[in-house]
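When we follow the working numbering, the leftmost residue of the sequence shown carries the number 1, and every step to the right adds one. Contents: one structure, followed by commentary.
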Amino acid sequence: MDVYGSTQKMSKILSKEKNIRKEYGDVIAKKVKQRITEFRAANNLKDISHVPPQKLHQLSGKYKNCFSVMITGNWRLVFEAYTSDEELTLEKELAVIILVKEIVDYHGN
């Protein structure tokens, strides 16, 4: 799959491991890099596990139309999934483009 940032800032952060480390610290950066590598190796979102360590799941509320994967205990990589025609999708087997919206502790701890 292809992975992009949803904003210029997120694209810049994701472009280099040192940028991820600077923004989020070493532990988070290592896991973010690992998740991005897993996305790039996958054919579609269905290839990403819904059990730990990835723990892929669809979100609701503020993050409606988004998915997330686990980074650490409370930290998540939140993203939208798109088809090859660049249309937003919630169907994992059609999702081949990942648009990272944020890397966040949305559990508030």
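Note that the Cβ used here is the ideal one computed from N, Cα and C, for glycine as well. Please read all numbers here as calculations on a predicted model, not as lab measurements.
Q54 counts as buried, since no fewer than 16 other beta carbons sit within 10 angstroms of its beta carbon. Between the beta-carbon of V32 and that of I20 there is about 5 angstroms, and that keeps the pair under the 8 angstroms contact cut. Rounded to the nearest angstrom, the gap between the Cα atoms of K92 and S49 is 11 angstroms. K9 carries a helical assignment under DSSP once its states are collapsed to helix, strand and coil. Contact check for Y82 and L99: beta-carbon distance about 6 angstroms, within the 8 angstroms limit, so the pair qualifies. The beta carbons of M1 and A29 sit no closer together than 7 angstroms.
The residues V78, in chain order, have a CB closer than 6 angstroms to that of E102 in the same chain once the five nearest residues on each side in sequence are set aside. For V78, no alpha helix (DSSP H) segment is defined; the enclosing uninterrupted segment is the beta strand (DSSP E) at R76 to Y82. For D2, DSSP records a beta bridge to I97.
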